Structure formats: C-alpha cells, structure tokens
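Numbering (this note's numbering), first residue to last: 1039 to 1295.
Glycine included, every Cβ here is placed at the ideal spot set by N, Cα and C.
Model, not experiment: these values are computed from the prediction.
Worksheet for the structure shown next.
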Ligand code: HPA
C-alpha cells in the first residue's frame, strides 16, 4: 500500500477523497499520528497521506516525530512511501521551480531521534522482526530504486521535466544556511539542501518501507543568487510548482503496483 508524505506546500492532496482519518497510537513519545486514508481519482487502491509538519503546518523540521510518523504508516499496512520535500538548489540544474528525484543523501542533522534500534526501545517495533542486538541497516542506496523509476517513468509519461539525480543534504534548520555552509555542502557534493529528508529516509529503511523523495527547489541556496531568501519568495515558487508535484504523485499512484 502506498503513502504520501507531504512537506511544506503540500498539506493536502487535491482530489483526495478522504474516507478515514486514523489516529494511530505509537510508542514514540506516546504520539498519536493522524493519517488520512482514501481514494485518488483513477487509482484503484486506497492510499494514505501524512502531512509531515502536522495538519496546520506547525511542527518545525527538527521537532517532527519522524519515528512516530513512519511507525504509524507501517502499522497501517503501508509498504511504499513517496515523500515530498522542498529544497534549496545548489547544483546549477536545481534553480527554483525545478523538480528532482535525488539518488543520494548526506545527513547533517543532529539531536533528532533517528533510529528504532535504540537500546531499550528497539524491540518495541516488532518482536518478530527486530532483535535486541545492535543492528546496522544497509543504506548504500538510501532511496528505493523501483520507486525512483516509478516517479521518473511517470514524469516521462506526463512530459514533466525532472532532474533524475542529485545528492540531498539534510540540514538541521530551522534557519537557512550561511554562505560558508552552502560552500561546504557544495564541496561535499550536495546538489540540494532540505531540512526534512533525514532521519525519515533511514527510518523507512529500518522498517523495510520502500521510500523515495520528490524534491521541489524553492530557492537558490544562500549565496548562490543575489536575491534575499524570503518565506514569501519560497511560497510563490511552491504555489507555482505544487501543481506539477500533484500530477506527478497522481500518475505515480495510478502506476504503482
Ligand atoms: N536550505 C535548507 N532547506 C531548505 C531550503 C534551503 O535553502 N529551501 C527550502 N528548504
């Protein structure tokens, strides 16, 4: 079963006929996560939708309960997750308005609860699958290649230009970066920067959920253009670009098997 995680600018899915909003209890800070389930036009199977920042877009990136979110999706029977992330562009292909399906991640976040294999809590996940021993998941390819191909094939069907590569640098936020930080990220090989890609991707892998990200560039990263980065500017790009993201997600859902 497929789920979407909406980021900044995607708090709801247009055309999504919500049949139920499940209040999924989780052991992670006892959080109850609300996940909407319902139908998309032309899609036979039910899909789920979880707005990452909460239903009123009030939870900042470093305060999101990523473990509770991913756990809730798995409890609902989700097997595949398409996540939407707003990013700042570093690579010259990644100007505002560009959509990318990244291939790799570098994690610069800190202080976030970033694993289920965390000592006492690790056997909470599922007694049948997880053992209490130290566990290191494989993260060589952080994103599911089959979900990436689904997104890229769907973009091709829509004639939607999408950058089919790139390294996502996950920063702590909520502030934006300094010029020197962007230079460092660029030097490290990051092509885009966002604040929510991690630990979400790694937690998905720990739970065996297929996971891929659709990134919308909403600004040039700090120092890469003369323009001051403002929330109003970001919102304007989001307003323009989200229609394409919606179409991409809908087509991907119709092709998902
Ligand atoms: N930096 C980090 N995260 C972001 C940015 C940025 O420039 N734009 C949107 N999310």
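- One residue after another in chain order, those with a Cβ under 6 Å from a heavy atom of the ligand HPA are 1124, 1125, 1126, 1209, 1214, 1215, 1231, 1232, 1233, 1256, 1257, 1259.
- Counting only runs that start and end inside the segment 1140-1215, the alpha helix (DSSP H) elements of at least 4 residues fall at 1183-1196.
- In this structure, residue 1255 places its C-beta atom within 8 Å of the C-beta atom of residue 1125.
- Its chain contains 1062 as the residues whose beta carbon lies nearer than 6 Å to that of residue 1113, once the 5 sequence neighbours on both sides are disregarded; these appear in chain order.
- Sorting 1149, 1045, 1100 by C-alpha distance to the C-alpha of residue 1212 places 1100 at the top.
- Annotation note: the segment 1040-1084 contains the following uninterrupted beta strand (DSSP E) runs of length 3 or greater, listed N- to C-terminal: 1040-1044, 1055-1063, 1070-1077.
- For residue 1116, the secondary structure class from DSSP, reduced to helix, strand or coil, is coil.
- Burial state of residue 1091 is buried, judged by a 10 Å Cβ sphere holding 16 or more other Cβ atoms.
- In terms of CA proximity to residue 1137, 1278 leads the group 1278, 1295, 1294.
- Taking one beta carbon from each stretch, the segment 1189-1203 and the segment 1258-1267 have fewer than 3 pairs nearer than 8 Å; the two do not touch.
- Within the model, the alpha-carbon separation for residue 1060 versus residue 1106 is close to 14 Å.
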